[in-house]
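**Student:** Protein chains in written order, with full-length UniProt numbering: chain A, 1 to 734; chain B, 1 to 344. Handing you a structure now.
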């Protein structure tokens with residue numbers, strides 16, 4: 001089915017995936033194709049299916065038309081009608097809309113909502129960002145990520161979904177809501193279009209959740225807007241849903257009745273184009289590129305032996321058991337010919353073995369990758385080799401090419417792969433997020449920071465951290481060149497900077513990588529989420545989102561480098577007295593956010609640490625009611641219910657036995673004989689619940705924003721906030 | 001009441017009338033936010049639908065209806081299937097009772113709606129509504145080509161020919177547009193998980209036919225979604241207490257274990273993950289069959305090398321981590337394999 005589509009440039013991306021413009025070959029029609037990576041998370045495929053089921057039952061000129069969907073590799077392609085005008089949020093960037101324009105948009109939206117409501121659907125996330133315009137100015141409702149289908153015309157929903165600023169009070173209060181919730185959101189959207197942002201936009205989204213039910217409904221400024229418009233908004237924004245108008249009634253409102261033709265909206269599209277031109281937001285299209293492999297390569301291939309033992313199948317060396325310590329740190333004399341200094345990393349060498357020469361780094365990579373053909377192909381696209389084989393924008397001048405020297409890994413666990421990071425440029429030009437301009441600025445800033453700090457860090461850090469700092473001086477050096485490189489035409493970088501390349505990147509599972517992942521999961525991501533939630537302005541949010549995305553890419557691609565980066569940042573902050581004080585880093589040991597790496601390469605040590613220290617979320621009394629199938633909620637619940645005691649790691653067998661025991665439903669297990677207890681006991685008590693958790697999946701999906709709210713809640717950020725509104729019981733749902 | 005025009009060659013005129021009639025029927029059965037339904041009218045309409053055999057016509061020709069009319073028809077079916085006449089104490093609602101005793105073809109026709117993209121979703125929705133009743137699940141499971149089955153006459157110990165409508169689901173799941181195959185899978189899951197006793201009996205009788213087909217068509221499907229979903233469902237079926245006998249038979253088979261162990265080596269992580277949850281059943285079984293035991297023993301060293309790093313970035317998934325260490329412990333307790341094995 002995919003062959004019927006010629007995929008063109010990227011239209012946008014979000015948490016859901018990437019949207020591309022494409023041509024349907026059989027009809028020549030332009031379409032938009034959303035690619036959703038199904039391997040991305042544990043999310044039940046049924047959630048996505050629900051969105052599609054809903055979409056496929058919509059056929060209205062006021063709703064973006066679903067065409068088809070199919071699975072290709074691990075990606076789901078959803079084919080939709082193409083709307084060239086962009087979203088109303090985009091169109092708002094040059095400035096607010098006029099009343100006349102808003103009236104037209106509102107009429108079209110009401111027609112769309114009327115259609116949805118008549119057929120028993122609630123959109124639940126009406127906002128400017130979800131309103132798309134065609135090139136001719138036609139208005140369509142989009143994004144059914146959180147929409148709900150009511151089986152019965154009178155039934156109500158209890159699920160907490162939407163985006164805080166646009167949420168109706170009854171949705172927040174979870175008193176049960178129906179179609180009227182969309183009307184409230186529509187009213188907020190009208191205000192958003194008139195003012196450029198929704199009411200309370202500068203307030204913390206969490207706080208908004210309390211304000212909406214508490215405050216009087218927002219109104220338009222009487223001095224700036226006509227009576228009709230103000231009345232229209234007032235009809236939408238009635239706090240009591242029973243008294244709030246329906247879509248049908250609002251269609252008869254004077255403000256709507258006198259609205260003009262949709263063609264008038266073309267000026268919005270033109271205005272945006274002019275705005276883009278003025279801002280020199282040169283749109284460099286990002287073209288779709290088929291990845292060689294849509295799948296993440298695994299480590300070395302293990303093979304099972306199913307017949308009697310065939311020695312031949314076992315003969316090849318197992319690389320998994322022996323992790324290669326690929327350690328590259330910059331040599332002090334890196335200004336001499338780098339190639340000569342490059343040392344081959346031989347798996348079979350002892351850590352202190354003799355060095356041998358390799359022609360260049362790309363060869364090293366190849367050596368590493370040969371065991372698995374597939375992986376090497378993935379790596380070739382993903383890793384920018386400094387040899388110049390791949391044309392990348394940030395190709396590092398040869399004088400800065402890092403040398404690779406093997407160092408006994410136990411001494412320098414932290415410096416691993418720093419140079420790889422620099423050449424791979426995970427921080428660099430990733431065209432996959434945001435718009436070119438913002439990312440560029442972002443990374444220039446990063447490099448500037450690096451320039452200022454190395455000296456201080458060098459002085460401050462004792463021997464273990466000396467290497468990371470020299471390592472980052474290399475980083476500093478390479479990033480120095482970034483501005484030049486970035487000023488090159490981005491085209492040259494696009495082929496290799498495509499996000500899908502990262503899927504093919506080799507991630508090595510090392511201790512550092514695990515810690516890197518951990519730092520991301522435990523510190524970076526929640527911190528970003530929290531900051532994001534606390535940020536009001538769209539511009540700032542966008543910038544933050546770009547950072548979040550970039551970091552998630554880094555986490556995926558190079559968790560080791562991630563850890564190193566973190567460490568380097570922390571070191572620098574510690575070295576800078578004012579920063580250290582401001583960040584509370586004056587007691588370096590206690591506050592170091594990154595666990596000190598044990599020099600031992602023993603795997604179980606890390607494993608154990610990561611297990612025993614898994615924090616159960618701080619017990620907050622209030623609960624936010626979420627869609628039951630929210631994966632985060634599930635794991636959260638599991639954590640709370642499953643943690644009976646300290647869990648043993650791989651090595652701590654006695655303790656892990658204790659846990660097994662504690663979880664057995666058939667209590668009378670004889671100690672030491674747990675493993676012989678009946679299968680039913682083992683299975684039913686411990687697993688059935690978890691396994692079948694997905695069986696009772698309810699409808700209702702959380703969108704990114706409500707997830708943020710959830711995160712904020714779970715991270716204890718709530719302490720500052722009032723609690724009464726959300727002291728609701730999760731069980732209400734079931 | 002409405003007199004439905006019999007479907008023939010659809011002219012726009014007929015389609016329009018038909019759509020209007022269906023929309024009206026829907027309103028009668030469902031009401032609107034403003035208008036309450038009249039129980040008397042509903043009763044009359046349901047009776048009429050049954051007398052005139054309209055449900056069968058609608059089910060059979062769902063794909064020929066206009067877009068909105070298909071959705072209306074789905075609502076009509078669902079409401080008719082829910083309608084219980086007050087004072088009637090039968091286990092099933094009126095319409096379903098009629099279907100079970102007189103007109104099982106309606107259910108079969110609804111299943112066959114998966115043949116076409118137009119009819120798949122509305123038919124699927126109706127089927128899942130009907131599947132709330134175990135008799136409907138039995139009708140689908142025990143369907144055989146030819147004459148419709150009388151539920152009373154079914155002997156659950158007679159193996160299925162593998163030709164009935166239930167077996168077509170395997171094909172529907174593994175082909176076509178995503179929404180069709182995914183919907184077919186949902187119905188399939190509903191059939192296999194909702195009415196545990198019926199399914200347990202059925203699976204025991206048809207163990208080989210079912211799992212052979214399940215493994216070849218679904219678990220080893222080319223389609224990522226089919227594969228992943230069916231491995232997950234397999235785990236659900238096996239871990240259902242009602243299917244205890246099915247599970248023990250399943251985990252006795254070395255062939256099954258081989259298929260599942262291959263999933264652990266798949267290069268897609270979620271396939272690994274879902275496969276793990278079936279694999280664990282084999283390992284946790286205290287009474288392993290000789291075949292299963294041999295495979296595990298032969299691969300003991302490999303497994304002990306493989307498992308510690310298996311999906312080890314699932315640091316947040318405590319259940320998984322615990323289960324993994326449990327499995328490692330279980331495998332450690334196995335005797336070392338043949339000393340010839342050069343486990344390096």
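From the three backbone atoms N, C-alpha and C, an ideal C-beta is built for every residue, glycine too.
1) In this structure, what does DSSP give as the bridge partners for residue 70(A)?
2) Let me know if residue 57(A) comes out buried or exposed under the rule of 16 or more other beta-carbons within 10 Å of its beta-carbon.
3) In its own chain, which residues sit with a C-beta less than 6 angstroms from the C-beta of residue 164(B), not counting the 5 before and 5 after it?
4) Against chain B, which members of the segment 16–42 of chain A pass a CB distance test of less than 7 angstroms?
5) Are the CB atoms of residue 79(A) and residue 64(A) nearer to each other than 8 angstroms?
6) Mind checking the segment 70–91 of chain A against chain B and listing, in chain order, the residues whose C-beta falls within less than 9 angstroms of any C-beta there?
7) Here's a check: name, in chain order, each residue in its chain whose Cβ is nearer than 7 angstroms to the Cβ of residue 534(A), leaving out the five neighbours to either side.
8) So residue 106(A) packs on residue 256(A), CB below 8 angstroms; how close in whole Å?
9) So within the segment 57–137 of chain A, which uninterrupted beta strand (DSSP E) runs reach at least 3 residues, ignoring any that extend past its ends?
10) In the DSSP assignment, find the unbroken alpha helix (DSSP H) run with residue 97(B) in it and report its ends.
11) State the Cα-Cα distance for the pair residue 590(A) and residue 573(A), rounded to the nearest angstrom.
12) Residues in the segment 294–314 of chain B with C-beta within 8 angstroms of chain A's C-beta atoms, listed in sequence order?
13) Could you check where the beta strand (DSSP E) with residue 24(A) kicks off and where it finishes?
14) Please state the DSSP three-state secondary structure of residue 220(B).
15) Flag this pair as yes or no: are the beta carbons of residue 54(A) and residue 127(A) separated by less than 8 angstroms?
16) Would the beta-carbon of residue 304(A) fall within 8 angstroms of that of residue 302(B)?
17) On the CB-based measure, 16 or more other CB atoms within 10 Å of its CB, does residue 581(A) come out buried or exposed?
18) Using a 10 Å radius around the Cβ and a threshold of 16 neighbouring Cβ atoms, would you call residue 333(B) buried or exposed?
19) If you follow the alpha helix (DSSP H) that residue 183(A) is part of, which residue opens it and which one closes it?
20) Please identify the residue among 203(B), 50(B) and 140(B) whose C-alpha is closest to the C-alpha of residue 346(B).
21) I want to see whether chain B comes within less than 8 angstroms of residue 526(A), judged by CB atoms only; does it?
22) Within 10 angstroms of its Cβ, does residue 49(A) collect 16 or more other Cβ (buried), or is it exposed?
23) Rounding to the nearest angstrom, what Cα-Cα distance links residue 134(A) and residue 261(A) in this structure?
24) Is the number of C-beta pairs between the segment 172–186 of chain B and the segment 115–134 of chain B that are closer than 8 angstroms three or more?
25) According to DSSP, is residue 32(A) helix, strand or coil?
26) Which residues in chain A sit within 7 angstroms of residue 67(B), going by Cβ to Cβ distance?
27) Roughly how far, in whole angstroms, is the beta-carbon of residue 141(B) from the beta-carbon of residue 170(B), given that I think they are within contact range, below 8 angstroms?
28) Under 8 angstroms Cβ-Cβ, which residues of chain B neighbour residue 49(A)?
29) Between residue 92(A) and residue 197(A), what straight-line distance do the alpha-carbon atoms span, to the nearest angstrom?
30) So with CB distances below 7 angstroms, who are the chain A contacts of residue 223(B)?
31) Of the residues 318(B), 270(B), 212(B) and 139(B), which one's Cα is nearest the Cα of residue 110(B)?
32) In chain A, which residues lie less than 8 angstroms from residue 228(B) when you measure between Cβ atoms?
33) Out of 197(B), 191(B), 32(B) and 63(B), which has the shortest C-alpha to C-alpha gap to residue 114(B)?
34) Quick one, are the C-beta atoms of residue 311(B) and residue 331(B) less than 8 angstroms apart?
35) What do you get for residue 136(A), buried or exposed, if any count of 16 or more other CB atoms within 10 angstroms of its CB means buried?
36) Please confirm if residue 268(B) has its CB atom under 8 angstroms from at least one CB of chain A.
**Tutor:** This is what the structure holds:
1) Note: residue 70(A) sits in a beta bridge opposite 77(A).
2) By the neighbour-count definition (other C-beta atoms within 10 Å, threshold 16), residue 57(A) is a buried residue.
3) The answer, listed in chain order, is 143 and 144.
4) Those would be 38 and 39, in chain order.
5) Note that the C-beta distance between residue 79(A) and residue 64(A) is not below 8 angstroms.
6) Flagged, chain order: 70, 71, 72, 73, 74, 75, 76, 77 and 78.
7) These residues qualify, in order along the chain: 204.
8) The C-beta distance from residue 106(A) to residue 256(A) rounds to 6 angstroms, short enough to fall under 8 angstroms.
9) If you keep only unbroken beta strand (DSSP E) runs of at least 3 residues inside the segment 57–137 of chain A, you get 66–72, 75–81 and 131–133.
10) Membership of residue 97(B) in the alpha helix (DSSP H) is indicated by the continuous run 94–101.
11) Residue placement at residue 590(A) is flagged as unreliable, the pLDDT there being 41, under the threshold of 50; a coordinate-derived value is accordingly withheld.
12) So the close ones are 295, 298, 299, 302, 305, 306, 308, 309, 312 and 313.
13) Following the DSSP letters along the chain, one finds residue 24(A) inside the beta strand (DSSP E) bounded by residues 17–24.
14) Residue 220(B): coil per DSSP, three-state reduction.
15) For residue 54(A) and residue 127(A), no; Cβs fall outside 8 angstroms.
16) Less than 8 angstroms divides the Cβ of residue 304(A) from the Cβ of residue 302(B).
17) Classification of residue 581(A): exposed, given that the 10 Å Cβ count is below 16.
18) Looking at its Cβ environment, which holds fewer than 16 other Cβ atoms inside 10 Å, residue 333(B) is exposed.
19) Residue range 180–195 is occupied by the alpha helix (DSSP H) that includes residue 183(A).
20) The structure shown has nothing for residue 346(B), since chain B only spans 1 to 344.
21) By this cut-off, residue 526(A) is not an interface position.
22) Classification for residue 49(A): buried.
23) Rounded to whole angstroms, residue 134(A) to residue 261(A) spans 14 angstroms at the Cα level.
24) With a cut-off of 8 angstroms, the segment 115–134 of chain B and the segment 172–186 of chain B count as touching, because enough Cβ pairs lie within range.
25) Here residue 32(A) sits in strand by DSSP.
26) 59, listed in chain order.
27) With a Cβ gap of about 13 angstroms, residue 141(B) and residue 170(B) do not count as contacting.
28) Neighbours of residue 49(A) on chain B, chain order: 178, 179, 182, 183 and 186.
29) Whole-angstrom Cα-Cα distance: 9 angstroms.
30) Ordered by position in chain A, the residues that pass the 7 angstroms Cβ test against residue 223(B) are 71.
31) When only C-alpha atoms are compared, the closest one is 139(B).
32) Here the neighbours are 38 and 45.
33) Minimum Cα distance to residue 114(B) is reached at 63(B).
34) With contacts defined by Cβ atoms closer than 8 angstroms, residue 311(B) and residue 331(B) do not form a contacting pair.
35) It counts as exposed.
36) At least one chain A Cβ lies under 8 angstroms of residue 268(B).
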